[in-house]
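Chains as they are written, first to last, in our numbering: chain A, 243 to 421; chain B, 103 to 654.
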Amino acid sequence: MPRLIKDSAIVEDRWTVVREPSSLAALPLETPVIVPLALWKSDRNALATRSEVGVWLKPDDDPGALAGDFASLPLIAVDFPKFTDGRGYSTAKLLRDKYRFTGELRAIGDVLRDQLYYMRQCGFDAFAVRADRSLEDALKGFADFSDGYQATVRQPIPLFRRRTTAALVTENTPAANDP
Amino acid sequence: MYRYDHFDHRLVAERVAQFRDQTRRFLAGELTEDEFRPLRLQNGLYIQKHAPMLRISIPYGVLSSTQLRKLAHIGRKYDRGYGHFTTRQNLQFNWPRLGDVPEILAELATVEMHAIQTSGNCERNITTDHFAGIAADEVVDPRPWAELIRQWAALNPEFAYLPRKFKIAVNGSTVDRAATLVHDIGVHAVRNETGEVGFRVLVGGGLGRTPMIGYVIREWLPHDEILNYLDAILRVYNRFGRRDNIYKARIKILVKERTPAEFTRAVEEEWQLGRGGPATVPDEEIERLASFFTPPPYAKLKGDDTGLRALIADNRPFDNWVGRNVFPHKVPGYAAVTLSLKKTGVPPGDVTSDQMDAIAALADRYSFGELRVSHEQNLVFADVRQAELFRLWTELKGLGLATPNIGLLTDIICCPGGDFCSLANAKSIPIAEAVQRRFDDLDYLYDIGEVSLNMSGCMNACGHHHIGNIGVLGVDKNGEEWYQVSIGGAQGENASLGKVIGPSFAASEMPDVVSRLIEVYVEHRHEDERFIDTVRRLGLEPFKERVYATAH
């Protein structure tokens, strides 16, 4: 079974990303699937009868299109066709902070060690690292920085509100509302 | 100036360690060329024609003498004993070795410097007025705000992979010395009738292939909302900026295609997400940042130095230098001095390591150990006692840094061009030198008066050619280097983009072309009219006629 990083640990991946399903009938049975937004929108009711379904978003998909589904969807994946396409970072930020999505938020596609720290700051908690790369090596990416200046999904309190108060306590500890 | 605390030091140290490991993995074949490229670019490292080029960040152009000495040392130890100051107020070294770069970054970290985001599709160095804090026309000191924005931009996780590079400039004066109208975002610090500070926000200016003047998308932004608002602009750009065509990927294209009104609406809506949230800037943080930019311990002086007038009357070269290179200071008895990096025969913006050491010593003696880099590629001592101007001038002359040409035709803004840069279509440095040699007669140069000549070796416009009164752009015609000339560009609060006068010229024709443009001006100018004013009054025609009647 393929593996991925979930919450800073390497775990087995039960989910299958369905990249281009020709139809609803072409979906694998009995296995949790992550379907494209377009299929979810066209066949939402039929898909909802399956036990485990997630949705993946292209870089230009509007995360707001899932309004109404955020409470019920267990998993949303965001695709990075190339790691240099940074739209997925903002998609993640909106899913967490605007739409209050609390399920698994997974980065898929060209997911590499050197971007993991940024991805996690933006609210991703699962990382399907590209298949030809070592997950053990990728884990090291999280340790690139202990802290940053900005307010992020993971650390909503910007550094300037933490510099003087409890400076040492907050170091490298996720914020209370870490998804 | 801003000083690092424990957090800043750790962040930069971690960045150095990260890049050291990335470089190691690249050299070991664990990272491909394509995977490494964006990582090295965001650490300031280009691969150039002859060698890598490393661009070091000088936040809003402020530099201490200690930092300058470190740059001198790096130039000597890892490069060929010189560096080049850029129009983004940064410094580049043209000959470092790839394997040495992590070590250079580690050395920079010891003096609170780095090369973070000096290149790549991310937020670049924040620039501002090189006379910040000392100009009489200043409304708000922009430096604390530039520092606030610098920290927000540095390693911002959401905006590390933008469609294209992104440049922000901050201005706090009634006069715009930071070219804010041609930035992706221009931030104008202003005061309302009660004296409260707020911001006017401009978006969508820029040079490059499609030059544009920025649009005001908000006349008044409460100062504590600045980061929330910038977040909103960047998020709209990150999500919707074009990524299908590198030449249409800057925010100016998005603003234009969506229309400024529609773009503004999107930003205002996005702003609501962060508005009033944790990134709203508390007064304590503004005060903390402002405390780094308090005035140095000036001597209490009555007014203008009385001896200066006599020295000026006595000494024409000194008079020239004071007239061109000395800028008034808001504190009585002080002045700001521009060190010209535009001596004929030296590539504009270049300084040797020996000069850097000497400048650092002079900054310690004459200007509280601090200096600034201007986007015109000169250096500034901001706090010099008028009574010491003559001695300083004498010393600068000995170093070749007292050319009295600030604001004149030979104060050329110029990118490194085809001699160094692999993007360039044509060389720029030899053209600058040829023009400087043509106008080596100081009396004639002074008679011409204020005129800016900006030159870029390619469309990327590092030499800001669109906003030069005379703009020169290197173009490639069937593998040969040609030069396209525009006139009528200007920086400042009345910024305008130059118009191309016609077909391009060979390198050898360029001094004559500039001469003829100047001749037309001298013949037609009204009293007290600058070159740009005459061009605006007469239009292109008389200039075109003269240049093409005789050149072709």
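Where is the CB? At the ideal position from N, CA and C, for every residue including glycine.
Tell me which residue opens and which closes the beta strand (DSSP E) that residue i is part of.
i	result
residue 322 of chain B	317-324
residue 454 of chain B	452-454
residue 561 of chain B	That residue, residue 561 of chain B, is in no beta strand (DSSP E); it is neither H nor E in DSSP.
residue 590 of chain B	From DSSP, residue 590 of chain B is part of no beta strand (DSSP E); its letter is neither H nor E.
residue 166 of chain B	164-166
residue 253 of chain B	Here residue 253 of chain B belongs to no beta strand (DSSP E); instead the alpha helix (DSSP H) covers 245-255.
residue 579 of chain B	572-579
Rounded to whole angstroms, what's the CA-CA distance from residue i to residue j? Just pull it up for me.
i	j	result
residue 632 of chain B	residue 300 of chain A	54 Å
residue 621 of chain B	residue 333 of chain A	57 Å
residue 119 of chain B	residue 133 of chain B	16 Å
residue 272 of chain B	residue 312 of chain A	40 Å
residue 405 of chain A	residue 388 of chain A	14 Å
residue 310 of chain A	residue 286 of chain A	12 Å
residue 366 of chain B	residue 319 of chain B	6 Å
residue 362 of chain A	residue 436 of chain B	51 Å
residue 103 of chain B	residue 297 of chain B	25 Å
residue 308 of chain B	residue 273 of chain A	51 Å
residue 350 of chain B	residue 380 of chain B	34 Å
residue 312 of chain B	residue 286 of chain B	12 Å
residue 153 of chain B	residue 548 of chain B	40 Å
residue 376 of chain A	residue 566 of chain B	45 Å
Could you work out which residues of chain C lie near residue i, taking near to mean beta carbons separated by less than 8 Å?
i	result
residue 296 of chain A	Here the protein chains are A and B, and chain C is not one of them.
Does the distance from the C-beta atom of residue i to that of residue j stay below 8 Å?
i	j	result
residue 561 of chain B	residue 310 of chain B	yes
residue 247 of chain A	residue 371 of chain A	yes
residue 598 of chain B	residue 183 of chain B	no
residue 233 of chain B	residue 438 of chain B	yes
residue 667 of chain B	residue 521 of chain B	Coverage of chain B is limited to positions 103 through 654, which leaves residue 667 of chain B absent and any answer about it impossible.
residue 254 of chain B	residue 359 of chain A	no
residue 510 of chain B	residue 422 of chain B	no
residue 627 of chain B	residue 590 of chain B	no
residue 353 of chain A	residue 384 of chain A	no
residue 494 of chain B	residue 482 of chain B	no
residue 508 of chain B	residue 440 of chain B	yes
residue 274 of chain B	residue 242 of chain B	yes
residue 605 of chain B	residue 537 of chain B	no
residue 329 of chain A	residue 302 of chain A	yes
residue 381 of chain A	residue 293 of chain A	no
residue 555 of chain B	residue 569 of chain B	no
residue 690 of chain B	residue 306 of chain B	Within the shown structure, residues of chain B are numbered from 103 to 654, placing residue 690 of chain B beyond reach of any answer.
Tell me which residue opens and which closes the alpha helix (DSSP H) that residue i is part of.
i	result
residue 206 of chain B	203-211
residue 623 of chain B	612-626
residue 283 of chain A	279-284
residue 536 of chain B	531-540
residue 378 of chain B	Careful: residue 378 of chain B lies outside any alpha helix (DSSP H) and carries neither H nor E.
residue 330 of chain A	329-335
residue 251 of chain A	It is not in any alpha helix (DSSP H) - residue 251 of chain A instead sits in the beta strand (DSSP E) that spans 251-254.
residue 632 of chain B	No alpha helix (DSSP H) holds residue 632 of chain B; DSSP gives it neither H nor E.
residue 115 of chain B	108-129
residue 273 of chain B	First-last for residue 273 of chain B: 270-273, but that is the beta strand (DSSP E), not the alpha helix (DSSP H).
Among the options, whose alpha-carbon lies nearest the alpha-carbon of residue i?
i	options	result
residue 178 of chain B	B/197, B/544, B/385, B/650	B/197
residue 356 of chain A	B/617, B/414, B/480, B/139	B/139
residue 161 of chain B	B/575, B/187, B/635, B/174	B/187
residue 195 of chain B	B/506, B/553, B/550, B/453	B/453
residue 551 of chain B	B/606, B/636, B/144, B/286	B/636
residue 406 of chain B	B/534, B/488, B/579	B/488
residue 332 of chain B	B/269, B/347, B/364, B/388	B/269
residue 646 of chain B	B/629, B/602, B/611	B/602
residue 71 of chain B	B/443, B/251, B/430	With chain B running from 103 to 654 in the structure shown, residue 71 of chain B is simply not present.
residue 503 of chain B	B/484, B/490, B/413, B/480	B/480
residue 235 of chain B	B/576, B/429, B/615, B/630	B/429
residue 643 of chain B	B/387, B/618, B/389	B/618
residue 608 of chain B	B/576, B/414, B/410, B/231	B/576
Three or more beta-carbon pairs under 8 Å between the stretch 400-408 of chain B and the stretch 194-213 of chain B, yes or no? Using a Cβ-Cβ distance cut-off of 8 Å, the stretch 400-408 of chain B and the stretch 194-213 of chain B are not in contact, since fewer than three pairs of beta carbons, one from each stretch, lie closer than that value.
If we count Cβ pairs, one from each stretch, closer than 8 Å, do we get three or more for the stretch 447-454 of chain B versus the stretch 462-470 of chain B? They do not touch, by the three-pair rule.
Does the stretch 586-603 of chain B touch the stretch 272-285 of chain B, meaning 3 or more C-beta pairs lie closer than 8 Å? Yes, the stretch 272-285 of chain B touches the stretch 586-603 of chain B.
Would you check if the stretch 211-228 of chain B and the stretch 415-425 of chain B touch, i.e. whether three or more CB-CB distances between them fall below 8 Å? Flag = no, the stretch 415-425 of chain B and the stretch 211-228 of chain B do not touch.
Just checking, does the stretch 146-159 of chain B make contact with the stretch 520-535 of chain B on the three C-beta pairs under 8 Å criterion? Three or more beta-carbon pairs drawn from the stretch 146-159 of chain B and the stretch 520-535 of chain B are found closer than 8 Å, and the two stretches are therefore classed as touching.
Three or more C-beta pairs under 8 Å: does that hold for the stretch 255-267 of chain B against the stretch 332-339 of chain B? As far as the Cβ criterion goes, the stretch 255-267 of chain B touches the stretch 332-339 of chain B, which means the pair count is three or higher.
Can you find at least 3 beta carbon pairs, one from the stretch 119-130 of chain B and one from the stretch 192-206 of chain B, that sit closer than 8 Å? Contact between the stretch 119-130 of chain B and the stretch 192-206 of chain B is present: 3 or more CB-CB pairs across the two stretches fall below 8 Å.
Is it true that the stretch 322-334 of chain B meets the stretch 238-256 of chain B, where meeting means three or more beta-carbon pairs spaced less than 8 Å apart? With the cut-off at 8 Å, the stretch 322-334 of chain B and the stretch 238-256 of chain B touch.
Validate contact between the stretch 308-323 of chain A and the stretch 333-344 of chain A using beta carbons, cut 8 Å, 3 pairs: These segments touch.
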